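Participant: Protein chains in written order, with the working numbering: chain A, 1 to 159; chain B, 1001 to 1152. By construction, the Cβ of each residue, glycine as well, lies at the ideal position given by its N, Cα and C atoms. Computed from a predicted structure; not experimentally measured.
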């Protein structure tokens, strides 16, 4: 049986899907107040709350992504290639994610991993957001660089 | 996300103290879970799998190989890698983790994440023939419980 909170969550998901400025506001607010993530997604004992929040975040990110794709790709170009240092905190304001709401959110969200470890019985929903983000959009995954036209033609698999 | 080291962070989180990219002087965190409850890594490994399938261990990306994307991603209805895109090279720490035997033995010990591990291994085997040899050695290094065919 669905709890009232889950009903509210389902309604919110439907509303967020239709209203991009709210998605932006929601993710920006979460980015500024990382304690919401700790309190509601990691420490909260209610499965319904954690699941609903994870779904809301995923929905907001997926809805916002198409509007930030161009900026993500644009900013990706100068960084060029993989230059990641293991164990980096990923929380810097610079870099490709710095000017996009999604980029800043992912940086903040990734930096909550130590908190997730402390709350291991409840971190499944936290990682489900990564799962959703990995599914949501190609530029957000940021692991693929669009090739130049010549490279693109060569990269298409033969029929 | 790959370029910001998410694969390394996810897999390092999964392996904990066993992680090969963890500094030797890092504090010991201990294993998560207890006799009653174990942590659920399904979504963590699922996210890592999706990221890995869109990356390459070769520094030059797809330039050396005729087909793209990998066989594990090509048949999907909505492929993770759109046509016309090249795979991004993995970082050094990603490579160390993905070539580490401990990752696969740790993931397959309980038999809960076989699907994700198999997808990762299939992609890595397509990437690297030396990884194929490594995976065979993992297969024979598994505990007897898993050799009975539970996973492979």
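Could you give the C-beta distance for residue 54 of chain A and residue 41 of chain A, rounded to a whole number, given that I count them as a contact under 8 Å?
Facilitator: Their Cβ separation, rounded to whole angstroms, is 6 Å, which keeps residue 54 of chain A and residue 41 of chain A in contact under 8 Å.
Participant: Exposed or buried, residue 57 of chain A, counting other C-beta atoms within 10 Å across all chains shown (16 or more means buried)?
Facilitator: It counts as buried.
Participant: Note the first and the last residue of the continuous alpha helix (DSSP H) segment covering residue 37 of chain A.
Facilitator: Careful: residue 37 of chain A lies outside any alpha helix (DSSP H) and carries neither H nor E.
Participant: With 16 as the cutoff for other CB atoms within 10 Å, does residue 983 of chain B come out buried or exposed?
Facilitator: A query on residue 983 of chain B cannot be resolved here, the shown segment of chain B reaching from 1001 to 1152 and no further.
Participant: Once you ignore the five residues that flank residue 1022 of chain B on each side, which residues in its own chain have a CB closer than 7 Å to its CB?
Facilitator: Taken in chain order, the residues that qualify are 1012.
Participant: Would you call residue 1056 of chain B buried or exposed, if buried means 16 or more other Cβ atoms sit within 10 Å of its Cβ?
Facilitator: By the neighbour-count rule (16 or more Cβ atoms within 10 Å), residue 1056 of chain B is buried.
Participant: Quick one: list the residues of chain A neighbouring residue 1050 of chain B, beta-carbon separation under 8 Å, in chain order.
Facilitator: Residues of chain A passing the Cβ test: 131, 134, 135, 141.
Participant: So, using beta-carbon positions, are residue 134 of chain A and residue 1098 of chain B closer together than 8 Å?
Facilitator: Contact flag unset, no.
Participant: Is DSSP giving residue 1117 of chain B helix, strand or coil here?
Facilitator: Residue state, collapsed to three classes: helix.
Participant: Got a sec: which bits of the region 24-52 of chain A sit with their beta carbon under 8 Å from any beta carbon on chain B, in order along the chain?
Facilitator: Answer in chain order: no residues at all.
Participant: Let me check understanding here. Comparing Cα to Cα, which of A/122, A/45, A/100 lies closest to residue 67 of chain A?
Facilitator: The residue with the shortest Cα to Cα distance from residue 67 of chain A is A/100.
Participant: What residues in the region 94-124 of chain A bring their beta carbon closer than 8 Å to a beta carbon of chain B?
Facilitator: From the region 94-124 of chain A, only 95, 96, 97, 106, 107, 110, 113, 116, 117, 120, 121, 123, 124 have a Cβ closer than 8 Å to chain B.
Participant: Got a sec, what are the start and stop residues for the alpha helix (DSSP H) residue 1024 of chain B sits in?
Facilitator: Neither: residue 1024 of chain B is in no alpha helix (DSSP H) and is coded neither H nor E.
Participant: Kindly indicate which three-state DSSP category residue 1055 of chain B falls into: helix, strand or coil?
Facilitator: It is a strand residue.
Participant: Would you check if there are 3 or more beta carbon pairs closer than 8 Å linking the region 107-118 of chain A to the region 27-37 of chain A?
Facilitator: As far as the Cβ criterion goes, the region 107-118 of chain A touches the region 27-37 of chain A, which means the pair count is three or higher.
Participant: Could you tell me whether the Cβ of residue 67 of chain A comes closer than 8 Å to any Cβ of chain B?
Facilitator: Taking Cβ atoms only, chain B never reaches closer than 8 Å to residue 67 of chain A, which makes this a no.
Participant: Does residue 1031 of chain B pass the burial test, meaning 16 or more other C-beta atoms within 10 Å, or should it be called exposed?
Facilitator: It is exposed - the Cβ of residue 1031 of chain B has fewer than 16 other Cβ atoms within 10 Å.
Participant: Output needed for residue 1116 of chain B: all residues of its chain with C-beta closer than 7 Å, excluding positions within five of it in sequence on either side, in chain order.
Facilitator: Correct list, in chain order: 1045, 1046, 1049.
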